[in-house]
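All remarks here apply to the structure that follows.
Residue numbers (this note's numbering): 7 to 58.
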């Protein structure tokens with residue numbers, strides 16, 4: 007699980023907005039890109055993000 011303190015300092019690499027944890031994804035509050043979490047490590051790469 008992602009630590010709350012880590013989540014507070016993370017930002018979306020695409021638009022620099024804040025992010026939040028939803029299910030097993032880190033989701034941007036502005037552009038809505040979803041970044042995966044693998045083995046408790048957030049993969050904050052634009053090319054790994056999903057857009058719905």
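Ideal placement from N, C-alpha and C gives every residue a C-beta, glycine not left out.
- Message: Along the chain, where does the beta strand (DSSP E) containing residue 43 start, and where does it finish?
- Response: Here residue 43 is taken as the residue at index 37 of the chain shown, counted from 1. Counting along the chain, the beta strand (DSSP E) containing residue 43 begins and ends at 40-44.
- Could you round the C-beta distance between residue 16 and residue 32 to whole angstroms and report it? I think they count as a contact, below 8 Å. Here the question's residue 16 lines up with position 10 in the chain shown. Here the question's residue 32 lines up with position 26 in the chain shown. At roughly 7 Å, the Cβ-Cβ gap stays under 8 Å, so residue 16 and residue 32 are in contact.
- DSSP three-state call for residue 15: helix, strand or coil? Taking the chain shown and counting its residues from 1, the one referred to as residue 15 is at position 9. Helix.
- Task: Kindly list the residues whose CB is nearer than 6 Å to the CB of residue 30, restricted to its own chain and excluding five residues on each side of it in sequence; keep chain order.
- Result: Taking the first residue of the chain shown as position 1, residue 30 is located at position 24. Answer for residue 30: 43, listed in chain order.
- Looking at the structure shown, is residue 52 part of a helix, part of a strand, or coil, going by DSSP? In the chain shown, residue 52 corresponds to position 46, counting from 1. Residue 52: helix per DSSP, three-state reduction.
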